[in-house]
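Have a look at the structure below, then the notes.
Chains as they are written, first to last, in this note's numbering: chain D, 1 to 333; chain B, 334 to 611.
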């Protein structure tokens, strides 16, 4: 199989403005990233905000130089042959406001298609077809400034697919969309990759469900490092021998989570406070450990409101790798 | 959309890009009618103030015409300043710049498209200012050579928009300071270019230095060619001014190409191409 994307020991360090000249501040956004994405794959980069996903996408789309290592897209080096790479790629970002509000949906899409050399008549034909597919055909002559966020994102997604890229990058494509619009977008993405086996799609997301539902393989990334890379099923398989429980208990009210973490056989605990309750996500080395956990709850005067055993998810994989849930990482970093 | 589209390449692709980027500006003007107020009526007020000053001091009749032409050319300067030079900053904030850079089209074609679109849209505004101003104040136009007048206008525009393209590449690196720089450049150019008076009023070397701004010589030559007493108030002979404008055009267009290439690489290296919020 041909490789569409390959990175070797890829790194990027940002100089931060405002640092003293003698002691310039730097931020390591990516470090030692090694990835190989095959042609025809829908590959996901999963990680919290600030993990380095967007930096990686920027490097692969020739918008940013790496400071270490190398990266190739469609077999071409991002630093040495950016102009050639640009003939093969396109990118869609979540929440982007590209285009011009005074132009209609068709005109905006037509304009961007022209920057890829698509003949005008063909572009207009493709625009109509794609707008039908994403359910935006009735808005073809609406000014883009009059579109809702969800409809605007659908227009952006059409822009990405319109130029028939060999490698398409989607950076948080469902960011800010409601549930229905997100589902439509995911469905369209999956359908496109299934119908175009010679194309490759790299998608970044911090939504676990999105990565799990869409991606053939997923790389979990945090603080600029790739922590694991495999199919969602294989990533979860490592946790299959563990027992995963979701406990809803009365509010912890100052009881430290360490109390549960120190129990032998408890591998990870994630605590999420809720209105009038506390949620404890537990990864246990074996099911029998639950008894000790229940006893501990009892000694701390905590009541169990609900208890569920569930299959491992990518969220559990993330917790296993990082030690905290993705929302905790986003909140604290 | 199952068949693979055969895409344009080379020169047809270059001009396809130019037209595509010019399109929003040409069409945008038709859809945003407020330009008639902001870009015609307001400049006419400034022009009127100078006209009344000249009339009050009994200045030569041609001065009124000088001011009308200056007022019309102000529209081009505003367009270059706010819609060319600083445009890439706004494009960056909007997320368009990354899409332009990432596309296989040439950035020179994109800038040229911006320039041509702006030029077409502004010409309409400038023409309205000249027609209304000329009619209101009964300006005695007396064109000595339409060919030379056309040549001066075209060269002045090529040089001016070439300068806009060159400075716009600087804005690849800038953030909010772009706004301040554009503000800073606005008024001094009004003065140095002689928008409302002949630059012969300056000392020779001051006028020569001001001639680096393409509008200065363009305006001076157009005034010489449009009024009977124009040559007497001109800074340099028209053929010399045409020659200098041609040289300036070549310098600014070449400069734009070189600076764009260099600054694009620098911006990619320093990570300044994408909008600051991401």
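Beta carbons are placed, not taken as given, at the ideal position from N, Cα and C, and that holds for glycine. These numbers come from a predicted model, not from an experiment.
Pairing residue 125(D) with residue 136(D) gives a Cβ-Cβ distance that is not under 7 angstroms. Pairing residue 481(B) with residue 558(B) gives a Cβ-Cβ distance under 7 angstroms. Under DSSP, residue 225(D) forms a beta bridge with 222(D). When secondary structure is reduced to three states using DSSP, residue 125(D) falls in the helix class.
Cβ contact annotation for residue 307(D) (same chain, cutoff 6 angstroms, sequence separation greater than five): 247, in chain order. In the structure shown, residue 120(D) falls within a helical segment according to DSSP collapsed to helix, strand and coil.
Per DSSP, residue 169(D) lies in no alpha helix (DSSP H) segment; the continuous beta strand (DSSP E) that holds it begins and ends at 167-171. Closer than 7 angstroms to the CB of residue 98(D) there is at least one CB belonging to chain B. Interface with chain B (7 angstroms Cβ-Cβ cutoff): residue 170(D) is excluded.
For residue 203(D), the enclosing beta strand (DSSP E) stretches over residues 200-205. DSSP places residue 477(B) outside any alpha helix (DSSP H), giving it a letter other than H or E.
For residue 349(B), the chain D residues whose C-beta falls within less than 7 angstroms of its own C-beta are 114 and 117, listed in chain order. A straight line joining the alpha-carbon of residue 133(D) with that of residue 349(B) spans about 27 angstroms. Within the region 143-175 of chain D, the residues whose Cβ lies closer than 7 angstroms to any Cβ of chain B are, in chain order, 164. Between residue 11(D) and residue 36(D), the C-beta gap is not smaller than 7 angstroms, which leaves the two residues out of contact. Residues of the region 421-437 of chain B with a Cβ closer than 8 angstroms to any Cβ of chain D, in chain order: 427, 428, 429, 431, 432, 433, 434, 435, 436 and 437. At least 7 angstroms separates the beta-carbon of residue 57(D) from that of residue 174(D). Proximity of residue 202(D) to chain B, defined by a Cβ-Cβ separation below 7 angstroms, is not satisfied.
Taking the Cα positions, residue 3(D) is about 53 angstroms away from residue 545(B).
Neighbours of residue 14(D) in chain B, taken as residues whose beta carbon is under 8 angstroms from its own, are 604 in chain order.
Less than 7 angstroms separates the beta-carbon of residue 149(D) from that of residue 176(D). If one requires a minimum length of 4 residues, the alpha helix (DSSP H) runs lying completely within the region 291-325 of chain D are 314-322, in chain order. By the criterion of at least three beta-carbon pairs nearer than 8 angstroms, the region 394-405 of chain B is not in contact with the region 63-78 of chain D. Under the 10 Å beta carbon count, residue 498(B) is surrounded by 16 or more other beta carbons and is classified as buried. With the rule of 3 Cβ pairs closer than 8 angstroms, the region 538-555 of chain B counts as touching the region 567-583 of chain B. Residue contact check for residue 241(D) against chain B: no CB pair falls below 7 angstroms. Rounded to whole angstroms, residue 115(D) and residue 469(B) show a C-alpha spacing of 45 angstroms. Residue 570(B) sits in coil when the DSSP states are folded into three classes, being neither helix nor strand. With contacts defined as CB atoms closer than 7 angstroms, residue 231(D) and residue 217(D) qualify as a contacting pair.
By the Cβ neighbour-count rule, residue 244(D) is buried, with 16 or more other Cβ atoms within 10 Å of its own. Note on geometry: alpha-carbon atoms of residue 292(D) and residue 263(D) lie some 8 angstroms from one another. DSSP places residue 463(B) within a helical segment (H, G or I) once states are collapsed to three. In the three-state scheme derived from DSSP, where H, G and I count as helix and E and B as strand, residue 32(D) is classed as strand.
Approximately 7 angstroms separates the beta-carbon atoms of residue 450(B) and residue 354(B); this is inside 8 angstroms, confirming the contact. In this chain, the alpha helix (DSSP H) harbouring residue 237(D) covers 232-237. Against residue 83(D), the close residues of chain B are 437, in the order they occur along the chain (beta-carbon pairs closer than 8 angstroms).
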